[in-house]
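Novice: Dumping the structure here so I can ask a few things about it.
Numbering (our numbering), first residue to last: 14 to 178.
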């Protein structure tokens, strides 16, 4: 912020359109979260993948679909997770042409640390809003907005509306 500029006060914020409020809140939380994840050697995308792999191994294409990203984007995410030792790839016993991705012990540990960090460092303390209450409302909002949007083709998805974290 330039010298002499001040952040908007509550009165000014109250005059903003809802979309702007949501965008600014999302940006502020994302900035905090990105910093926390970087300390753990993770990205948003990597954390989502680790979360999904907690349910069991998945093929790369299935992971891409579940995360609403392209196969190429998923490939880059998996490369980084593999370099960090958070995931391992192995041939699929049911189809030797496919490779399954599984979370490693290090991946489980870093995922657990990220979940704790979200609760401890990204919470809403001081806002007067209960985390659980806000989460419920966000789930309702996102679910409603998804129902109202036109269907997007998987090739056109960039991951910005992906599942998970």
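All C-beta atoms, glycine included, are put in the ideal place defined by N, C-alpha and C.
1) Closest to residue 158 by CA distance: which of 25, 24, 32 is it?
2) Leaving out the 5 sequence neighbours to the left and right, which residues in its chain are closer than 7 Å to residue 50 when beta-carbon positions are compared?
3) Going by DSSP in three states, residue 142 sits in which element: helix, strand or coil?
4) Please report the distance separating the alpha-carbon of residue 64 from that of residue 30.
5) Which one or two residues does DSSP pair with residue 102 in a beta bridge?
6) How is residue 72 classed by DSSP in three states: helix, strand or coil?
7) Out of curiosity, what's the CA-to-CA distance linking residue 98 and residue 114?
8) If you check the beta carbons only, do residue 255 and residue 130 fall under 9 Å apart?
9) Give the straight-line distance between the Cα atoms of residue 125 and residue 116, rounded to the nearest whole angstrom.
10) Using a Cβ-Cβ cut-off of 7 Å (strictly less than) and excluding sequence neighbours within five positions of residue 76, which residues of its own chain qualify?
11) Kindly indicate which residue of 156, 121, 102 has the alpha-carbon position closest to the one of residue 68.
12) At the level of alpha carbons, what is the spacing between residue 147 and residue 110?
13) Alpha carbon to alpha carbon, how far is residue 107 from residue 91? Give it in angstroms, no decimals.
14) Please report the distance separating the alpha-carbon of residue 160 from that of residue 154.
15) Compute the Euclidean distance between the alpha carbons of residue 25 and residue 142, then round it to the nearest angstrom.
Specialist: In brief:
1) 32
2) 56, 57, 60, 127
3) coil
4) 33 Å
5) 114
6) strand
7) 12 Å
8) Residue 255 cannot be examined here, being either before or after the span of the chain that is shown, 14 to 178.
9) 12 Å
10) 62, 65, 87, 114
11) 121
12) 44 Å
13) 21 Å
14) 10 Å
15) 20 Å
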